[in-house]
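S.K.: One structure coming up, written as structure tokens, with questions to follow.
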Amino acid sequence: MTENKPGLCVLITNAFIRDWSGSELYVRDLAIELIKRGHKPIVYSPRIGELADVLRRKSIPVVKDLSSIAVKPDLIHGQHHLETMTALSRFPETPAVFFCHGWLPWEEIPPLHPRIIQYVTVSEALHDRLLFECGIPAEKITTILNSVDIERFRSRPPLPDIPRRALVFNSHASEANILGTIREACSQNGIAMDAIGYGNGNPSFSPEKQLGNYDIIFAVGRAALEGLATGAAVICCGLEGASQMVTTQNLEWLRSNNFGIRVLNLPLTTDYLSAEIKRYDPLDALKVSQEIRATAGLSGMVDQILNVYTSTLNIWSKNHQQDFIAESLAFSGYLKGISDKVDQAIAESNLAHDRARILQSELDSIKGSLTWRLYQKVHRIPFVHNLYGWYVRLKKRR
8 MTENKPGLCV LITNAFIRDW SGSELYVRDL AIELIKRGHK PIVYSPRIGE
58 LADVLRRKSI PVVKDLSSIA VKPDLIHGQH HLETMTALSR FPETPAVFFC
108 HGWLPWEEIP PLHPRIIQYV TVSEALHDRL LFECGIPAEK ITTILNSVDI
158 ERFRSRPPLP DIPRRALVFN SHASEANILG TIREACSQNG IAMDAIGYGN
208 GNPSFSPEKQ LGNYDIIFAV GRAALEGLAT GAAVICCGLE GASQMVTTQN
258 LEWLRSNNFG IRVLNLPLTT DYLSAEIKRY DPLDALKVSQ EIRATAGLSG
308 MVDQILNVYT STLNIWSKNH QQDFIAESLA FSGYLKGISD KVDQAIAESN
358 LAHDRARILQ SELDSIKGSL TWRLYQKVHR IPFVHNLYGW YVRLKKRR
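When we follow this note's numbering, the leftmost residue of the sequence shown carries the number 8, and every step to the right adds one.
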């Protein structure tokens, strides 16, 4: 283990510091832990909101404009490529580590730059992506698995022999995608289901106070880890697909892939989820929770991150021969990639505009028809209106 330098000034970048989800909460937890250890984190994001206020109340500076920072940071902890490259440009003598949290989002594409000394991924799947798809050498990649704050997410009382309450804990789940399927699977097993997350209009700002009320939790990624830490039985599933009930047999595989995209390789159907619910085992869930609490704590993750920081600074100090031509070429290649993406976005926007114009024309034609006028008159009859409402509610339940 390398010796960690005290009082590091670390600039942490992220596309958003607004909501209680994903990489934003990762930044919150890391920054708070760094402050506790005597370091000086500064958080940069051009899009801030309530979460930024939470950080400021913890004495952590949050800036929208890098010109607000009057010191040179020791290190850039980069998350999301636009913000990372902006920070590298603003502080031309500061090295960086880039942290990759996702496979699909455009902002998670790892940028290439001479001052990005190391890359960190939160799963084996993302490690493979950087190695096989992005041309980043293995010696520059470290995998540090996600963690959970076990001081906040306390163990719940023992699970009941038969599950009665379930929770969908997912920022993107809604009635328009997976909630109906999960609800039906729960109903078939006599389980009442609730949901929290932005997608269903019920975000939670203190999930640690809620998770202990549920026997089964449907979640992916960080949310799955938090559910396991409380002692719930967790079924790994999300918009991308379904995986399995987390057990002592599959925990290592699921966690090494962050309960994410690589393991969500099965169709999310009522029958499949119902079968996974039937695998509910309170004793095994307890063993899983004990393992998570022993090995996945926030403190251990931050220890690993600080070791990467120190290693990066050591490499930079020993090989500090800054190549401004190489940096200029890196920025040129990066901007070319942005330009290509802008062209793609413009083309997609034009297609969407054309499609919207066609649909509006079709809608205008329908509204001008005799059938539409008759429908409007009949629908205003109270009995017909109430009957139609009853039919819609019945279809939703099915």
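The beta carbon of each residue, even a glycine, is placed where N, CA and C say it ideally should be.
Given the structure is predicted, the values throughout are model-derived calculations rather than measurements.
1. Could you tell me which of R190, R35, G340 sits nearest to V61, measuring between CA atoms?
2. Can you give me the C-alpha to C-alpha distance between W397 and F390, rounded to a whole angstrom?
3. In terms of alpha-carbon separation, which member of G307, S162, R171 lies closest to E215?
4. Is S178 closer than 7 Å to N264 when the C-beta atoms are compared?
5. Cα-Cα, which of M200, G204, T378 is closest to F176?
6. Quick check on this structure: which residue in S181, N184, P170, G208 has the alpha carbon closest to the alpha carbon of S194?
7. Helix, strand or coil, according to DSSP, for C141 in the structure here?
8. Between R122, I365, T20, which lies nearest to A333 when the distance is taken from Cα to Cα?
9. For A103, which three-state DSSP category applies?
10. Span of the beta strand (DSSP E) holding L174?
11. Decide yes or no for the touch test of the region 227–247 against the region 283–299: beta carbon pairs closer than 8 Å, at least 3 of them.
12. Go ahead and label W110 buried or exposed: buried means 16 or more other beta carbons lie within 10 angstroms of its beta carbon, across all protein chains shown.
13. Using DSSP with H/G/I as helix, E/B as strand and the rest coil, what is I148?
14. Does the distance from the C-beta atom of L15 to that of D156 stay below 7 Å?
15. Among the candidates D278, L246, I223, L275, whose CA atom is the shortest distance from the CA of T254?
16. How long is the line joining the alpha carbons of V385 and A363, rounded to whole angstroms?
17. Which residue comes first and which comes last in the alpha helix (DSSP H) that contains H88?
18. Is the Cβ-Cβ distance between I322 and I124 less than 7 Å?
19. Kindly indicate which three-state DSSP category I157 falls into: helix, strand or coil?
20. Tell me, please, whether the region 92–102 touches the region 62–70 by the rule of three or more beta-carbon pairs shorter than 8 Å.
21. Looking at C-alpha atoms only, which residue of L166, S28, I116 is the closest neighbour of I143?
22. By Cβ distance below 7 Å, which residues in the same chain neighbour E233 in space, the five residues on each side in sequence not counted?
23. Measure the CB-CB distance between L271 and T188 and report whether it falls below 7 Å.
24. Going by Cα to Cα distance, which pick from L235, S368, A94 is closest to P86?
25. Name the two residues that bound the continuous beta strand (DSSP E) containing D445.
26. Helix, strand or coil: which one does DSSP assign to N21?
27. Under three-state DSSP, which class holds A239?
M.R.: On the basis of the supplied data:
1. Restricting attention to R190, R35, G340, the CA atom closest to the CA of V61 is found in R35.
2. Cα to Cα, the separation comes out at about 11 Å.
3. The residue among G307, S162, R171 with its C-alpha nearest the C-alpha of E215 is S162.
4. The answer is no: Cβ separation not under 7 Å.
5. The option with the nearest alpha carbon to F176 is G204.
6. If we check each option's Cα against that of S194, P170 comes out closest.
7. C141: coil per DSSP, three-state reduction.
8. It is R122 whose Cα lies nearest to the Cα of A333.
9. Looking at A103 - three-state DSSP - the assignment turns out to be strand.
10. Element bounds for L174: 172–176.
11. Taking one beta carbon from each stretch, the region 227–247 and the region 283–299 have 3 or more pairs nearer than 8 Å; the two touch.
12. Its Cβ being crowded by 16 or more others within 10 Å, W110 is buried.
13. In the three-state scheme derived from DSSP, where H, G and I count as helix and E and B as strand, I148 is classed as strand.
14. For L15 and D156, no; Cβs fall outside 7 Å.
15. Taking only the C-alpha atoms, the option nearest T254 is I223.
16. Annotation: V385 to A363 spans about 29 Å, alpha carbon to alpha carbon.
17. Residues 88–97.
18. Taking 7 Å as the Cβ cut-off, I322 and I124 qualify as a contacting pair.
19. It is coil, neither helix nor strand.
20. Too few Cβ pairs lie closer than 8 Å, so no.
21. Looking at the Cα atoms, I116 is the closest of the given residues.
22. Answer for E233: V155, F160, P214, L218, listed in chain order.
23. No, they are not a contact pair.
24. In the sequence as presented, Pro is not what sits at residue 86; that position holds Gln. Nearest to Q86 by alpha-carbon distance, out of L235, S368, A94, is A94.
25. No information on residue 445 is available, as it lies outside the stretch 8 to 405 that the chain covers here.
26. In the three-state scheme derived from DSSP, where H, G and I count as helix and E and B as strand, N21 is classed as coil.
27. Coil at A239, not helix or strand.
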